[in-house]
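All residue numbers for the sequence shown refer to the working numbering, where the first residue is 36 and numbers rise by one.
Think of the CB as a built atom: it goes at the ideal place given N, C-alpha and C, for glycine as much as any other residue.
Owing to the predicted nature of the structure, the values given are computational and were not obtained by experimental measurement.
Below is one structure; the comments refer to it alone.
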Amino acid sequence: VQLQASGGGLVQPGGSLRLSCAASGIIFSAFHMGWYRQAPGKQRERVAEITSLGSTNYADSVKGRFTISRVNAKNTVYLQMNSLKPEDTAVYYCNARNRNLDYWGQGTQVTVSS
Numbered sequence: 036v037q038l039q040a041s042g043g044g045l046v047q048p049g050g051s052l053r054l055s056c057a058a059s060g061i062i063f064s065a066f067h068m069g070w071y072r073q074a075p076g077k078q079r080e081r082v083a084e085i086t087s088l089g090s091t092n093y094a095d096s097v098k099g100r101f102t103i104s105r106v107n108a109k110n111t112v113y114l115q116m117n118s119l120k121p122e123d124t125a126v127y128y129c130n131a132r133n134r135n136l137d138y139w140g141q142g143t144q145v146t147v148s149s
């Protein structure tokens, strides 16, 4: 199983980035897909999740700014991040889970700084 995250980088406050996570080795449509992040010295936190049926939920800190989506035909989940703030700086991880299984990607760095 591989979860390949990409799209991170350095962006100024107020800017946008789109993260992608391409999955292989799983029946993608059967998994809930999520994005988590971990800032230095902090615990990993869930940012957003999209269920296998397409329902979404978000951390309060990103509601209205981030949008999670998935394209099952491409085995890919996205995280569109708008109005980025310095406090969004973290390593972002892709997660795939179902009732019995839980997989993690390698992470992609997002830095929001002027």
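Reference R100; option with closest CA among V126, Q37, N92: Taking the sequence shown and counting its residues from 1, one reaches residue 100 at position 65. Taking only the C-alpha atoms, the option nearest R100 is N92.
Counterpart residues of R105 in DSSP-defined beta bridges: What you label residue 105 is simply residue 70 of the sequence shown in a count that begins at 1. For R105, which the question treats as bridged, DSSP gives the partners V112.
Pair within 9 Å by beta-carbon distance, V126 and Q144: Locating residue 126 in the sequence shown gives position 91, where the first residue counts as 1. Locating residue 144 in the sequence shown gives position 109, where the first residue counts as 1. For V126 and Q144, yes; Cβs fall inside 9 Å.
Residues that DSSP places opposite Q144 in a beta bridge: In the sequence shown, residue 144 corresponds to position 109, counting from 1. DSSP, once it has assigned bridges, lists V126 as partnering Q144.
7 Å Cβ shell around L38 - same chain, five flanking residues per side excluded: Stepping through the sequence shown from its first residue, residue 38 is reached at position 3. So the qualifying residues of the chain are C56, A58, C129, A131, Y138, W139, G140.
Residue burial classification, D62 (beta-carbon count within 10 angstroms, cutoff 16): Here residue 62 refers to the residue found at position 27 when the sequence shown is read from its first residue. With the sequence shown as reference, residue 62 is identified as Ile, and Asp is not the correct amino acid for it. So I62 ends up on the exposed side.
Element boundaries [beta strand (DSSP E), containing T86]: Along the sequence shown, read from residue 1 onward, the residue named residue 86 stands at position 51. In this chain, T86 is not harboured by any beta strand (DSSP E), its DSSP state being neither H nor E.
6 Å CB neighbourhood of G50 in its chain, flanking five on each side removed: As a first step, residue 50 is located in the sequence shown; it is residue number 15 there, counting from the start. L119.
Buried versus exposed call for E84 [16 or more other C-beta atoms within 10 Å across all chains shown]: Locating residue 84 in the sequence shown gives position 49, where the first residue counts as 1. Only buried fits E84, as 16 or more other CB atoms lie within 10 angstroms of its CB.
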